[in-house]
Structures are given as structure tokens and as C-alpha cells.
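Residue numbers (full-length UniProt numbering): 1 to 214.
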């Protein structure tokens, strides 16, 4: 029977015949099915881990950026939308965040405390593979009509970005590139094309344990 990690019971130590101890790697499997390898013989005390999801994008809608925000709003195991922020304050980690790039989304952490690292990685795994993705959270986190305009955490974030000359220059370069590069982070006026159904479909297609790397 697989042995759970004493500090993070949602992670199970792989049986001896599946380990790669002779090469310094210790394997764990999460309850979601994701496999994680830790290099036990590292010369550094600092621990770094990430879950990398291939997230291809071909338009300016910001679907991958929006989904990054949404999966951290709560999972089936951690339904409270404030859990992510609570863990950022509680865990002894130097870094605990997520980043969206052109072809991938990365949920990453760095620190020196193994218990905090495993708890943080477990939270990421639950969020990535079993998020709630509710319409109420979409309205709060992404975009919603507000009076004669719009509001939402991501909408406000993009509104702040677009006031930066550096950000505007990067938009111009992307729009003038050949072939034209998609504005994968989204724009305030492109978020209006998104809805919770679009995010759920994208998640079902791309956020799968067999596609991810850890």
C-alpha cells in the first residue's frame, strides 16, 4: 500500500520498484494522479517546484490568463476563494505564484521548508486539476458589467498594465510581428468575449494530468 507523506497526506511515496533512488530522485504521486519527482541529493537547500501546463493560444481573448486566475479561486478540496492568499501569508515560501506565457501556464514555488513546499504544491495540484470554475467567481475575478462599464480583478489588472509605456510598446511589437503574435494575456476590450463556458471547455481540453510537467 502506498505510504502518504506525513506532512502532506495528499502525496503518496511511490513503491520501491518505481523509484529512481540510485539517480537521486524520489517519486511522489498526488491524489489527482500527477507524478512529482524530487531530487534528493541536490547541493542546495532551496527547494523549487512548478506545475507546467501547455496552454496554446491563437487569439487575443486572454483565455489562458483568465483561466490562471480562475483555477486559483478555489478547488473541490479548497472551495474558499481566499485560500491561495491565505497560504501565501502562511507558508514559509519565498515564492508562491502563477505565470502565464505564450504557450504555457506555470504554477511555481520556491522556499527552504519541505513541508511548506509540499503543501503549496498540493494546493496547486488540486487547483489545476479540480477547480470550481463558477460563474460567480468569473464575475468577481475576470470581468462583469458595472454601471456603464466593466469591472473584475483581471479587467482592473489589464487596465493598469495598459497605462505603462513598456506594456504598450510590447503590444505594438506583437501586433507588427510576422506572423502576428497573439496578445495571450488579453486586453480590457477582449475579455468581453470570454465567459465561464469558454474557460471550462479550455480547462477540460488542456488541463489534464497526462499533459502537465512537474
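Don't be surprised by glycine CBs; every beta carbon is placed ideally from N, CA and C.
Tell me the DSSP secondary structure of residue i in three-state form.
i: residue 13; result: strand
i: residue 31; result: coil
i: residue 130; result: coil
i: residue 114; result: helix
i: residue 18; result: helix
i: residue 164; result: coil
i: residue 149; result: strand
i: residue 213; result: strand
i: residue 144; result: strand
i: residue 205; result: helix
i: residue 55; result: coil
i: residue 170; result: helix
i: residue 89; result: helix
i: residue 8; result: strand
Tell me which residues share the same chain as residue i and place their Cβ nearer than 7 Å to its Cβ, disregarding the 5 neighbours each side in the sequence.
i: residue 71; result: 127, 128, 131
i: residue 193; result: 61
i: residue 179; result: none
i: residue 10; result: 30, 31, 122
Give me the DSSP bridge partner(s) of residue i.
i: residue 196; result: Its beta-bridge partners do not exist; DSSP assigns none.
i: residue 95; result: 110
i: residue 48; result: 110
i: residue 3; result: 13
i: residue 26; result: 38
i: residue 83; result: Answer is none; residue 83 lacks a bridge partner.
i: residue 100; result: 105
i: residue 61; result: BP columns for residue 61 are empty, so no partner.
For residue i versus residue j, is the C-beta spacing smaller than 8 Å?
i: residue 133; j: residue 196; result: yes
i: residue 51; j: residue 125; result: yes
i: residue 34; j: residue 214; result: yes
i: residue 184; j: residue 67; result: no
i: residue 74; j: residue 94; result: no
i: residue 140; j: residue 152; result: yes
i: residue 54; j: residue 104; result: yes
i: residue 199; j: residue 63; result: yes
i: residue 81; j: residue 169; result: no
Beta-carbon within less than 8 Å of residue i's beta-carbon, same chain only, minus the 5 sequence neighbours each way: which residues are those?
i: residue 7; result: 114, 115, 118, 119
Which residues in the same chain have their Cβ closer than 6 Å to the Cβ of residue i, if we skip the five residues on either side of it in sequence?
i: residue 106; result: 50, 52, 99
i: residue 150; result: 143
i: residue 211; result: 54
i: residue 48; result: 110
i: residue 206; result: 55
So residue i packs on residue j, CB below 8 Å; how close in whole Å?
i: residue 158; j: residue 182; result: The pair is not a contact, with the Cβ atoms about 15 Å apart (cut-off 8 Å).
i: residue 186; j: residue 65; result: 5 Å
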